[in-house]
Amino acid sequence: MAGTSNLLKVRDYIGSMPSLPTTVSKVLEVCNNPKTSPMDLDRVISLDPVLMGKVLKLINSAYYGLGTQVTSLVRAIIMLGVNTVKNLALSTAVLDKFTSNKNFRALNMEGFWRHSLCAGVTAKLIAKKRGVESKALEEYFAAGLLHDIGKIPLNNALAEEYVRTMAVADRDRVSLHVAEKRTLELDHADAGALIAAAWHLDGAISDAARYHHAFSEYQGENRDVVLTVAVANYYASREGIGFSGNLYPDKLPPEVFEELKFRKEALEELEGPVNAEIDKAKVFLRLAQ
Amino acid sequence: MFTVKIWGDRGSMPTPGPDTVEFGGNTSCIEVRCGKRLIIIDAGSGIRQLGDSLMRTDFRAGPIKADIFITHTHWDHIMGFPMFTPIYVPGTELRIRGPITYEEDPLEKVIGSQLSYRYWPVRQEELAAKITYEQIKESTFDLGDGIWLTTKYLNHPILCLGYRFEYRGRSFVTLYDNEPFRNVFPTDPEDPQYDESYAREGEEAAREQNEKILAFMSGADLLVHDTQYTAKEYVSGKVGWGHSSFEHAINAAHKAQVKRLLLFHHDPNRTDTELQELEIFYQAKLRGRTSMSVEMSREGRLYTIDPVE
Ligand SMILES: [Zn+2]
Ligand SMILES: [Zn+2]
Numbered sequence: 018m019a020g021t022s023n024l025l026k027v028r029d030y031i032g033s034m035p036s037l038p039t040t041v042s043k044v045l046e047v048c049n050n051p052k053t054s055p056m057d058l059d060r061v062i063s064l065d066p067v068l069m070g071k072v073l074k075l076i077n078s079a080y081y082g083l084g085t086q087v088t089s090l091v092r093a094i095i096m097l098g099v100n101t102v103k104n105l106a107l108s109t110a111v112l113d114k115f116t117s118n119k120n121f122r123a124l125n126m127e128g129f130w131r132h133s134l135c136a137g138v139t140a141k142l143i144a145k146k147r148g149v150e151s152k153a154l155e156e157y158f159a160a161g162l163l164h165d166i167g168k169i170p171l172n173n174a175l176a177e178e179y180v181r182t183m184a185v186a187d188r189d190r191v192s193l194h195v196a197e198k199r200t201l202e203l204d205h206a207d208a209g210a211l212i213a214a215a216w217h218l219d220g221a222i223s224d225a226a227r228y229h230h231a232f233s234e235y236q237g238e239n240r241d242v243v244l245t246v247a248v249a250n251y252y253a254s255r256e257g258i259g260f261s262g263n264l265y266p267d268k269l270p271p272e273v274f275e276e277l278k279f280r281k282e283a284l285e286e287l288e289g290p291v292n293a294e295i296d297k298a299k300v301f302l303r304l305a306q
Numbered sequence: 017m018f019t020v021k022i023w024g025d026r027g028s029m030p031t032p033g034p035d036t037v038e039f040g041g042n043t044s045c046i047e048v049r050c051g052k053r054l055i056i057i058d059a060g061s062g063i064r065q066l067g068d069s070l071m072r073t074d075f076r077a078g079p080i081k082a083d084i085f086i087t088h089t090h091w092d093h094i095m096g097f098p099m100f101t102p103i104y105v106p107g108t109e110l111r112i113r114g115p116i117t118y119e120e121d122p123l124e125k126v127i128g129s130q131l132s133y134r135y136w137p138v139r140q141e142e143l144a145a146k147i148t149y150e151q152i153k154e155s156t157f158d159l160g161d162g163i164w165l166t167t168k169y170l171n172h173p174i175l176c177l178g179y180r181f182e183y184r185g186r187s188f189v190t191l192y193d194n195e196p197f198r199n200v201f202p203t204d205p206e207d208p209q210y211d212e213s214y215a216r217e218g219e220e221a222a223r224e225q226n227e228k229i230l231a232f233m234s235g236a237d238l239l240v241h242d243t244q245y246t247a248k249e250y251v252s253g254k255v256g257w258g259h260s261s262f263e264h265a266i267n268a269a270h271k272a273q274v275k276r277l278l279l280f281h282h283d284p285n286r287t288d289t290e291l292q293e294l295e296i297f298y299q300a301k302l303r304g305r306t307s308m309s310v311e312m313s314r315e316g317r318l319y320t321i322d323p324v325e
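Keeping their order, the protein sequence lines are chains A and B.
Each residue of the first sequence is one higher than the one before, counting from 18 in the numbering used here.
Each residue of the second sequence is one higher than the one before, counting from 17 in the numbering used here.
Right under this line is the structure:
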């Protein structure tokens with residue numbers, strides 16, 4: 018019974034999901050400036066998983082059913098035009114009830130944001146190293162950036178319960194998604210899949226959100242992206258770049274690296290570029306340490 | 017019968033006065049007839065006179081039934097709607113379709129809210145006509161009676177559709193408001209914001225979309241194309257405003273083997289004399305170089321597209 022009501026609350030929340038507070042003031046600044054460059058527009062959106070998802074939703078609902086999905090923001094900006102994307106970002110960012118910092122009780126918002134960004138950047142860098150064609154790289158980024166998006170409705174729509182979930186994960190020393198299932202009867206992968214469906218993102222982004230923990234069950238066409246995101250997620254947790262509430266992440270079986278033909282040791286080479294990207298983002302958003 | 021009549025071809029704002037008598041001062045509205053079917057594209061200020069004309073002619077045979085397609089909801093394309101007489105006449109049936117950018121507000125609200133007390137003495141709820149609204153996307157529609165419609169997103173600051181009607185082997189296409197798609201990301205490696213993968217992806221996306229536009233207008237018997245600017249005006253300050261130049265429209269239409277091109281969405285500052293001169297200039301330039309006929313759109317003019325029998 019609790020599961021059903023939780024599901025309803027989560028669904029309800031997804032219907033009007035606000036942007037992250039980290040980026041809101043920057044979004045306003047960039048989008049209210051008539052001289053904003055497309056590059057800055059791209060950057061400010063790709064730093065906010067919610068905004069990113071919503072822009073992709075707009076383009077995919079406009080072009081829905083017309084061949085392949087658009088998962089690249091660059092492409093979306095060209096197809097929809099700078100103004101449309103700007104206005105969409107503004108209208109999302111100024112939703113009067115945007116998530117305030119104090120809504121983040123269980124999760125630390127700043128840590129969540131950094132974890133998401135790290136996963137996106139890392140997934141893209143791994144893909145690049147593995148020689149994935151440049152056209153597809155943005156999809157790896159988007160899938161990484163959005164993989165944990167299901168945690169937002171859990172954290173905000175089930176705020177009290179989610180604090181308890183964290184405590185259970187801590188007490189039982191289990192990965193957060195396991196504790197979520199135990200306490201809420203749905204985990205952030207389920208919630209992520211609901212969001213992806215609501216935003217018409219039914220390709221790699223959806224699959225990564227849904228299967229980044231249960232990747233061994235997944236045999237679909239986006240397996241490469243799903244596994245890459247699983248590795249990126251592992252890397253972000255291992256290096257402690259950001260924190261999305263998971264104190265006891267599952268170990269990553271060595272077969273994942275074998276299947277991707279990517280040496281685990283090569284992760285070491287990512288440290289420099291990943292940190293550089295995140296620093297750039299921080300400077301851009303003028304975040305305090 | 018397959019005919020197209022221009023009731024408004026001015027861009028941005030109606031421009032009445034002695035300087036706009038020949039080419040017209042009303043904003044976009046086009047009447048299309050396919051047999052006994054009536055199709056209207058856009059509800060700019062030109063729709064007022066179309067409405068009055070319908071009341072004098074079609075209405076004698078019975079209530080007005082029409083399909084209205086809105087290219088986009090910028091004001092110059094919907095502003096005439098409250099003055100379209102048939103909406104006040106019982107028995108009128110209008111099916112209005114068009115794109116909208118934000119799904120939060122339905123088309124009915126975007127267009128119909130012009131009929132609210134703050135803007136107009138009659139409210140939408142008080143209209144006598146039966147009106148339905150439908151949001152449409154890029155797709156192909158069977159409109160019945162042998163009429164097929166294909167739609168294509170254009171490049172404009174809001175979602176905007178081009179319309180291609182096929183009827184008895186002939187085609188009529190509208191391609192406004194539209195600016196050629198372009199890569200908005202820096203392509204110069206010296207630019208501090210340059211990023212190779214962005215530059216490349218941007219190029220590719222713009223090229224792809226422009227090719228789709230060419231295919232969309234390909235072989236049209238009659239094409240109405242946005243030509244708000246000259247090429248010179250376009251490059252000096254109008255890039256990104258969502259409109260095309262005469263030069264672009266002519267080149268693209270020629271490339272797509274269009275048979276007849278109407279230059280449309282005249283800049284509000286363009287006088288009759290200037291439009292006349294531009295028409296003569298482009299026609300002279302094109303003489304002997306293309307089999308396509310090119311002319312300025314003129315308000316009130318009727319263009320016949322003979323069906324292939
Ligand atoms: Zn216009
Ligand atoms: Zn317009």
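Every residue gets a Cβ at the ideal spot worked out from N, C-alpha and C, and that includes glycine.
Residue i, buried or exposed, once every other Cβ within 10 Å from all chains shown has been counted against 16
i: A/N23; result: buried
i: A/D113; result: Bear in mind that the predicted position of A/D113 carries a pLDDT of just 41, short of 50, making it unreliable; the figure below should be weighed with that in mind. Its Cβ having fewer than 16 others within 10 Å, A/D113 is exposed.
i: B/I1; result: Examination of residue 1 of chain B is not possible in this model, given that chain B is present from 17 through 325 alone.
i: A/V180; result: exposed
i: B/L318; result: exposed
i: A/A305; result: The predicted position of A/A305 is uncertain, since its pLDDT is 38 and thus under 50; no value can be drawn from it.
i: A/D207; result: buried
i: A/R188; result: exposed
i: B/P32; result: exposed
i: A/E156; result: buried
i: B/D121; result: exposed
i: B/M29; result: exposed
i: B/L165; result: buried
i: B/K52; result: exposed
i: A/Y251; result: buried
i: B/G128; result: buried
Start and end residues, alpha helix (DSSP H) containing residue i
i: B/R357; result: Given a span of 17 to 325 for chain B in the structure shown, any question on residue 357 of chain B remains unanswerable.
i: A/I212; result: 205–215
i: B/M71; result: 63–72
i: A/R131; result: 126–146
i: A/M56; result: 55–63
i: B/I56; result: Note, B/I56: premise wrong, no alpha helix (DSSP H); beta strand (DSSP E) at 53–57.
i: A/I295; result: 288–302
i: A/V185; result: 176–189
i: A/V67; result: 66–79
i: A/L284; result: Looking at the DSSP string, A/L284 is not in any alpha helix (DSSP H), and its letter there is neither H nor E.
i: B/K228; result: 212–233
i: A/H194; result: 193–201
For residue i, the first and last residue of its enclosing beta strand (DSSP E)
i: B/I46; result: 45–50
i: B/L175; result: Run containing B/L175: none; DSSP gives neither H nor E here.
i: B/T190; result: 186–191
i: B/L277; result: 276–280
i: A/F274; result: Counting along the chain, A/F274 falls outside any beta strand (DSSP E), though it belongs to the alpha helix (DSSP H) covering 271–277.
i: B/F336; result: There is simply no residue 336 of chain B to check, as chain B begins at 17 and stops at 325 in what is shown.
Residues bridged to residue i (per DSSP)
i: B/R113; result: B/F85, B/E150
i: B/S261; result: B/Y245
i: B/W91; result: In DSSP, B/W91 forms no bridge with anything.
i: B/W164; result: B/D158, B/E182
i: B/E311; result: B/L278
i: B/Y169; result: B/L177
i: B/G24; result: B/C45
i: B/L239; result: B/V189, B/L277
i: A/T101; result: DSSP output for A/T101 lists no bridge partner at all.
i: B/T19; result: B/R49, B/T320
Assess, as a yes-or-no matter, whether the segment 156–165 of chain A is touched by the segment 239–256 of chain A under the definition of 3 or more beta carbon pairs within less than 8 Å. Segments in contact, yes.
Let me have the residue list for ligand 2: C-beta closer than 5 Å to any non-hydrogen atom, ordered along the chain. Cβ-based neighbours of ligand 2 within the cut-off: B/H90, B/D193.
Do the segment 216–226 of chain B and the segment 68–83 of chain B meet, that is, are 3 or more Cβ pairs less than 8 Å apart? Short answer: they don't touch.
With a threshold of 8 Å, are at least 3 pairs of Cβ atoms found where one atom belongs to the segment 36–53 of chain A and the other to the segment 227–236 of chain A? These segments do not touch.
Quick one: any contact between the segment 287–305 of chain B and the segment 281–296 of chain A, if contact means 3 or more CB pairs under 8 Å? Taking one beta carbon from each stretch, the segment 287–305 of chain B and the segment 281–296 of chain A have fewer than 3 pairs nearer than 8 Å; the two do not touch.
Determine, using beta-carbon pairs with one atom in the segment 268–281 of chain B and one in the segment 224–240 of chain B, whether at least three such pairs fall under 8 Å. Proximity of the segment 268–281 of chain B to the segment 224–240 of chain B meets the contact definition, three or more beta-carbon pairs being nearer than 8 Å.
With a cut-off of 8 Å, do at least 3 Cβ pairs link the segment 165–176 of chain B to the segment 303–312 of chain B? Between the segment 165–176 of chain B and the segment 303–312 of chain B, the count of Cβ pairs shorter than 8 Å is below three; the stretches do not touch.
Validate contact between the segment 176–191 of chain B and the segment 97–107 of chain B using beta carbons, cut 8 Å, 3 pairs: Touching, no.
Counting pairs of beta carbons, one from the segment 21–36 of chain A and one from the segment 209–223 of chain A, are three or more of them closer than 8 Å? As far as the Cβ criterion goes, the segment 21–36 of chain A touches the segment 209–223 of chain A, which means the pair count is three or higher.
How about the segment 205–213 of chain B and the segment 174–182 of chain B: do they share at least three Cβ pairs that are nearer than 8 Å? Short answer: they don't touch.
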